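Trainee: The structure under discussion is supplied below as structure tokens; questions concerning it will follow.
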Amino acid sequence: MAVERTLSIIKPDAVAKNVIGQIYSRFESNNLKIVASKMKWLSRQEAEAFYAVHRERPFFKDLVDFMVSGPVQIQVLEGENAIMKNRELMGATDPKKAAKGTIRADFAQSIDANAVHGSDSPETAAVEIAFFFPQMDIYAGR
Ligand code: RTP
Ligand code: MG
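So, in structure tokens, the structure goes:
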């Protein structure tokens with residue numbers, strides 16, 4: 001299996017709940033290495049650009065309102081099969097439907113405030129990583 005990189009965001013609800021460390025522990029114990037990391041309070045313009053694929057969806061305004069409601073913790077995760085592995089650790093978009101033991105089942109309260117974002121394909125991972133991190137700020141760490 002290939003070593004991949006994926007973009008992860010700990011959303012404002014989980015940052016406010018003070019569970020960054022607990023979520024990082026799940027990445028680490030599942031062999032996902034944090035190779036870039038920063039805390040940032042997104043502007044409305046940044047949040048709209050990041051979620052531009054959802055611009056026409058009915059939930060777009062709620063999504064952007066939520067993403068700018070407080071700071072987020074943004075990281076690049078590296079590891080075997082990192083994109084799908086992170087999606088598995090996150091659980092389903094709606095925490096009520098998320099499998100037991102997933103990040104969203106344990107830390108999220110609603111489909112809007114759902115604790116984490118993760119890239120969903122190699123193509124979106126490349127675009128999303130470049131959106132937040134210049135190449136020089138990503139450390140392979142080997
Ligand atoms: P994310 O992009 O944040 O990792 O989440 P996802 O892939 O699991 O879900 P996606 O379909 O990409 O939707 C992005 C975010 O929009 C909100 N959403 N609300 N009310 C709704 O029906 C609805 N659907 C999606 C969620 O907060 C989701 O994380
Ligand atoms: Mg998505």
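So the sequence shown is numbered by the UniProt record's numbering: it starts at 1 and just counts up by one. Even for Gly, the Cβ is constructed at its ideal location relative to N, Cα and C. Here the structure is a predicted model, which is why all the values come from computation and not from measurement.
(1) Using a strict less-than 7 Å threshold between each residue's beta carbon and the heavy atoms of the ligand MG, what residues do you get?
(2) For a test of your reading of the model: does the CB of residue 86 fall under 7 Å from any non-hydrogen atom of the ligand RTP? Yes or no.
(3) Whose C-beta lies closer than 6 Å to the C-beta of residue 94 among residues of the same chain, with five residues either side of it excluded?
(4) Tell me where the alpha helix (DSSP H) around residue 47 begins and ends.
(5) Measuring CB to CB, does residue 68 end up less than 8 Å from residue 42?
(6) Name the two residues that bound the continuous beta strand (DSSP E) containing residue 5.
(7) Taking the C-alpha atoms as reference points, what is the distance between residue 70 and residue 85?
(8) May I ask you to check if the CB of residue 112 is nearer than 7 Å to at least one heavy atom of the ligand RTP?
(9) Identify the residues that DSSP records as bridge partners of residue 117: which are they?
Mentor: Here's the rundown:
(1) That query returns the following residues: 117, 120.
(2) Between the ligand RTP and the CB of residue 86, the shortest heavy atom gap is not smaller than 7 Å.
(3) The residues are 111.
(4) Looking at the DSSP string, the run of the alpha helix (DSSP H) that includes residue 47 is 44–50.
(5) Yes; because the gap between Cβ atoms is below 8 Å, this pair is in contact.
(6) Taken as a continuous stretch (DSSP letters only), the beta strand (DSSP E) holding residue 5 covers 3–10.
(7) Cα to Cα, residue 70 sits roughly 27 Å from residue 85.
(8) Yes, the beta carbon of residue 112 sits closer than 7 Å to at least one heavy atom of the ligand RTP.
(9) Its beta-bridge partners are 9.
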